[in-house]
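Chains as they are written, first to last, in the working numbering: chain L, 205 to 493; chain F, 205 to 493.
Each remark here refers to the structure printed beneath this line.
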């Protein structure tokens, strides 16, 4: 009797420990599942989901509360065209933009920098969350800098194609004859790297929130592409799959900036080809209620 | 001695259970911290971070592997302008777009629907990840549908302003005189709701991955805004803060579509005003290397 009691107590205790451990394990496994799902997005650039993208709004006492002063409101001046003119303008604009293609064969011919300035100024007219204008356009003309960018990009792209992307994505891109060799990064006279500022700084140096910064910068990129096409230059819209952080450091951009897009800009080379892809007709992209 | 042993064993066992529980708790708290940070983004619409946005690429056997056939490549035809003409065109395009403002006072005057068609066709020329064209433009003209949309939106917006956004954001928006009353949703002759398709469907009904769908649709939205400005119509770019799911269901859009942006479109009303905000000059948004 006296001998059995300690053994019994020990067995009960070991059982309790085992039961507790197991119950915890099950809870933890259930909790981990959604996180694993959330991480299975290999095409979201490492840099895009950088933790600095996540700002704490309520708790971070180090952020700056804007002063309450109101901005003056002024009458809006508008240019109105007659209805026929509106139809003609909208038709011509569509036809101009419908000729735009992503061109991967870019000549090394010099482009007028005044045009690049105007295209970036046009992109800078995009709307942005609470008018934060969270974009930086880095224009690279220096041949050595361009070459180093190509090297960084090809190193990372090769790893993407061979390891990170998975067979389905590589197959999807194969149709477009896309791989990790980016010759146009050397030949294009201008590389434009568009950074999103995941937060800004107020006058006193404290953090200023940039609401919806990725959407805002992407909208600016859309206007950039329209402006470039209107000027008669070509590019290919490229996302910085995993090489964003290295390029940011190489180009000395601050930590609040993340590379969103990079665009080699120039004239098309004489032998430029494009995949013969159709666009969806209007009735496949528009629904009227 | 015999009496002490069971007590001692029991004490040791209870201690063990307590230690194990505590160690687990600490681990779990550490694990939960980044998740809590990730959730502290009140300006990211509930719908935008909908779990359907997260596709499992490698594991989901139900997704469709594209066939390996290559698309034919064709010569690219390009319109090249003389250098002076390029500068003039880019300058004029910038000046046109620099007049664009987010206008919250929209007249109820009818707009030519052919113009809306052309503007959406222009937006549909945007580039997209692996040419997936992941956008749906819902054009609402029916007054009852418009009114119901306004009701849904104002209900959710009121909760946003009073509960979800926090004082800093409300202050940031106050400068723009923005609140939850959206009169222009009733008066604007056309509401355009832009949905991103977080995935598509292959011919056999299986899921087709839409890489970077949010960025692609935002780029299309940028081109949309340029096209609208070029045609002489106005809008205000609005994000569907939390009312996306209700509006999607109300408009009978499928579950793979998420509301990204909504835009009331029309002519400005006669008394339209805009906040007197400057845009950043070129040297604050461009860096040359």
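All residues carry an ideal CB built from backbone N, CA and C; glycine is no exception.
Any C-beta of chain L under 8 Å from that of residue i
i             : result
residue 313/F : no
residue 282/F : yes
residue 436/F : yes
residue 230/F : In this prediction, residue 230/F has a pLDDT of 44, which is less than 50 and means its spatial position is unreliable; nothing more can be read from the coordinates.
residue 322/F : yes
residue 494/F : Here chain F has residues from 205 to 493 only, and residue 494/F is not among them.
residue 455/F : yes
residue 316/F : yes
residue 467/F : no
residue 495/F : For residue 495/F there is no data in the structure shown, the boundaries of chain F being 205 and 493.
residue 277/F : yes
residue 489/F : yes
residue 449/F : no
Three-way DSSP call (helix, strand, coil) for residue i in this model
i             : result
residue 454/L : helix
residue 297/F : helix
residue 283/F : coil
residue 412/L : strand
residue 486/F : helix
residue 472/L : strand
residue 309/F : coil
residue 348/F : helix
residue 397/L : strand
residue 479/F : strand
residue 462/L : strand
residue 291/L : helix
residue 491/L : strand
C-beta neighbour in chain F for residue i, strict 8 Å
i             : result
residue 393/L : no
residue 256/L : Because the pLDDT at residue 256/L is just 37, under 50, the model does not fix this residue reliably, and the value given afterwards should be weighed accordingly. Chain F contact via Cβ: absent.
residue 425/L : yes
residue 295/L : yes
residue 452/L : no
residue 408/L : no
residue 416/L : yes
residue 302/L : yes
residue 462/L : no
residue 484/L : yes
residue 459/L : no
residue 388/L : no
residue 419/L : yes
residue 444/L : no
residue 402/L : no
Residue i beta carbon near the ligand COA (any heavy atom closer than 7 Å)
i             : result
residue 310/F : In terms of ligand content, the structure shown is empty, and the ligand COA therefore cannot be addressed.
Start-to-end residues for the alpha helix (DSSP H) that takes in residue i
i             : result
residue 426/F : 417 to 435
residue 388/L : 388 to 391
residue 320/F : 317 to 327
Endpoints, the beta strand (DSSP E) within which residue i is located
i             : result
residue 404/F : 403 to 405
Whole-number beta carbon distance between residue j and residue i, since they are thought to touch under 8 Å
i             : j             : result
residue 395/F : residue 356/F : Actually they are not in contact, since the Cβ atoms of residue 395/F and residue 356/F sit about 12 Å apart, beyond 8 Å.
residue 392/L : residue 323/L : Between residue 323/L and residue 392/L the Cβ distance is about 14 Å, and since that is not below 8 Å, they are no contact.
residue 308/F : residue 440/F : 5 Å
residue 490/L : residue 319/F : Not quite, the Cβ-Cβ distance comes to about 13 Å (not below 8 Å), so this is no contact.
residue 325/L : residue 285/F : Not quite, the Cβ-Cβ distance comes to about 18 Å (not below 8 Å), so this is no contact.
residue 316/F : residue 287/L : 5 Å
Listed by chain order, chain C residues near residue i by CB distance under 7 Å
i             : result
residue 479/L : Chain labels in this structure do not include chain C; the protein chains are L and F.
For this session: Report the residues of the stretch 329 to 351 of chain L with a CB closer than 8 Å to any CB of chain F, ordered along the chain.
Result: 329, 330, 331, 333, 334, 335, 337, 339, 340, 341, 342, 343, 344, 345, 346, 349
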